[in-house]
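Numbering (the numbering used here), first residue to last: 18 to 329.
Structure follows, in structure tokens:
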């Protein structure tokens, strides 16, 4: 009996010590969180899969990588994610790994081929160097969006079905559980997923590569843009959708813009040279050509058949 009483008191003392230790750690953690650096960023619910990763792997990897550097907690929500860390450096690095954005980059139809490159090599190099998750053409974006939308709707429908005591009555009517799907997900479409800041218009400053030379003037696509009704300009433009970490997506947009500026400079120089030659022909009394189009150049005249050959 004495032995049992002694063991009981020993067990109680050990539990009290452990409880006090837990309370102390919990108190210290709360104090750290009150003093911690905090940052909350918004994210569209359809992109939450990229944030969490497969089975929460992405968040777990970030926690494991930055825990020793002062990361305290990651709290993902429906439309936002809060990150707490002991110092600003760790906070900034952790947020950079987690903040996922989706941006629409508007590009003129005529210039899209320059961005894609031969056999898609140009856009693949941009994707590789910028380290974004996906670059999707606007034509294929609808299919990609439908996949994201269906996955999130199905996720909330399954949760509602599992918690429904009358699930057998609605097993063949999944639309019944749409009432449990958040409206921002249920009402999302391929256009309203983008906020105002998520649309980057690179069609500004674009000049058509075609020149009407009968009057020695350049054709500028911006002259045909309707400012009052931007929807009328959609037929003149194409778009790319970029998904990835914010810093990587911004880098990708910058690389696309620099590539466009490079080709625009070359095109403008060629047009100016062509217009100058046309004016010279006019002064000499020679008839100018009706128009300049890149397709007018004859590929058969390249190489030995053009100009002086090697060894002449």
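The beta carbon of each residue, even a glycine, is placed where N, CA and C say it ideally should be. On a predicted model such as this, the values are computed, not experimentally measured, just so you know.
Measuring C-alpha to C-alpha distances from residue 265 to each of 149, 154 and 294 identifies 149 as the nearest. Setting aside the 5 residues that flank it on each side, residue 90 is surrounded in the same chain by 101, each with a C-beta closer than 6 Å to its C-beta; the list follows chain order. Its Cα nearest to that of residue 104, the residue 53 stands out among 28, 37, 216 and 53. Counting the other CB atoms within 10 Å of its CB gives residue 198 a total of 16 or more, which places it among the buried residues. Of 83, 68 and 254, the smallest CA-CA separation from residue 94 is found for 68. Taking a cut-off of 8 Å for Cβ pairs, the region 274-293 and the region 159-177 do not touch, as fewer than three such pairs fall below it.
Under DSSP, the beta-bridge partners assigned to residue 261 are 118.
In the DSSP assignment, residue 55 falls within the beta strand (DSSP E) that extends over 54-59.
Excluding the 5 residues flanking it on each side, residue 122 has same chain C-beta neighbours closer than 7 Å at 217, 219, 256, 257, 259, 270 and 273, in chain order. Contact check for residue 268 and residue 132: beta-carbon distance about 15 Å, past the 8 Å limit, so the pair fails to qualify.
When rounded, the separation of the alpha-carbon atoms in residue 118 and residue 303 is 57 Å.
Each residue's CA atom was taken as its position, placing residue 295 and residue 153 some 41 Å apart.
At a Cβ-Cβ threshold of 8 Å, residue 63 and residue 169 count as neighbours.
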